[in-house]
Amino acid sequence: MPTAPVGFDLDMTLIDSQDAILGSFAGLAADTGVAIDPAGVRSRLGIKLQDELAHWFPPGEIDEAIRIYRVHYLTLLAPLTRVLPGAAQALTAVRAAGARAVVITAKAERAARLSLESVGLVPDELVPDAHGPEKAVVLKEIGATVYVGDTPADMAAAVAARARAVGVATGSFSAAELRAAGAADVLSSLTEFPLLYREIAI
Ligand SMILES: [Mg+2]
5 MPTAPVGFDL
15 DMTLIDSQDA
25 ILGSFAGLAA
35 DTGVAIDPAG
45 VRSRLGIKLQ
55 DELAHWFPPG
65 EIDEAIRIYR
75 VHYLTLLAPL
85 TRVLPGAAQA
95 LTAVRAAGAR
105 AVVITAKAER
115 AARLSLESVG
125 LVPDELVPDA
135 HGPEKAVVLK
145 EIGATVYVGD
155 TPADMAAAVA
165 ARARAVGVAT
175 GSFSAAELRA
185 AGAADVLSSL
195 TEFPLLYREI
205 AI
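In terms of our numbering, the sequence shown opens at residue 5 and continues consecutively.
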């Protein structure tokens, strides 16, 4: 029987995209004259772009803000995206066990694909445009038994899908916050993932 797939969040789980994201919001603020507080953006990293923009723009201006943001992001992504420690090894550990590593992210497909390529990460599958409860739906559909992420919403999605919630404290949230949201394990970085996965792989 094949080993069940493992889901991974992207931003701040596999890659550090914070500088590219904050740089793009700074560019958007400069282009539009709308004041955007980077601390507010940072506190919500991992949600969909349109949902973050709704904090700063009225509904009728969001499409144009997305367009401007993406111009900046596609420019900044390659120089500013960094792979997080242990990310490649985590994907390798899953594959070595005969399972599929599936990236499930709120990022739009093009940005997600280019981000992965820019740091040389190659998952078995990419599911873009999914956040919160939408991640739970995907996890159930693919039959994942583990989801690895950096946010309380990621942990809640795993719990809702009856997958093991594995938190990694490389984003904006502490181990305590991830545990409170349902994390069964919290890693300080993905370098600890292969050892944990060997224990929990089913
Ligand atoms: Mg994330």
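Glycine included, C-beta positions come from ideal geometry on N, C-alpha and C. Values in this document were obtained by computation on a predicted structure and should not be read as measured data.
The beta strand (DSSP E) with residue i in it runs from where to where?
{"i": "residue 170", "result": "168-172"}
{"i": "residue 13", "result": "Unbroken run through residue 13: none, as it is neither H nor E."}
{"i": "residue 189", "result": "189-191"}
{"i": "residue 108", "result": "105-108"}
Taking residue i as part of the alpha helix (DSSP H), name the residues at either end of that continuous run.
{"i": "residue 92", "result": "91-100"}
{"i": "residue 126", "result": "Unbroken run through residue 126: none, as it is neither H nor E."}
{"i": "residue 162", "result": "156-164"}
{"i": "residue 1", "result": "This structure leaves residue 1 out entirely; the chain is present only between 5 and 206."}
{"i": "residue 38", "result": "Here residue 38 belongs to no alpha helix (DSSP H), and DSSP marks it neither H nor E."}
{"i": "residue 55", "result": "53-57"}
Who are residue i's beta bridge partners in DSSP?
{"i": "residue 86", "result": "20"}
{"i": "residue 77", "result": "Bridge partners of residue 77: none, in fact."}
{"i": "residue 151", "result": "11, 169"}
{"i": "residue 131", "result": "108"}
Would you say the beta carbon of residue i is closer than 7 Å to some non-hydrogen atom of ligand 1?
{"i": "residue 55", "result": "no"}
{"i": "residue 175", "result": "yes"}
{"i": "residue 171", "result": "no"}
{"i": "residue 17", "result": "yes"}
{"i": "residue 50", "result": "yes"}
{"i": "residue 153", "result": "yes"}
{"i": "residue 23", "result": "no"}
If residue i sits next to residue j, beta carbons under 8 Å apart, how far is it from one beta carbon to the other, in whole angstroms?
{"i": "residue 140", "j": "residue 164", "result": "4 Å"}
Is the number of C-beta pairs between the region 181-199 and the region 88-103 that are closer than 8 Å three or more? yes
Meets three-Cβ-pair contact criterion under 8 Å: the region 28-45 and the region 118-125: no
Three-pair Cβ contact test at 8 Å for the region 146-158 versus the region 56-65: Contact check between the region 146-158 and the region 56-65: fewer than three CB pairs, one atom from each, fall below 8 Å, which does not count as touching.
So, does the region 78-85 touch the region 176-194, judging by three or more C-beta pairs under 8 Å? no
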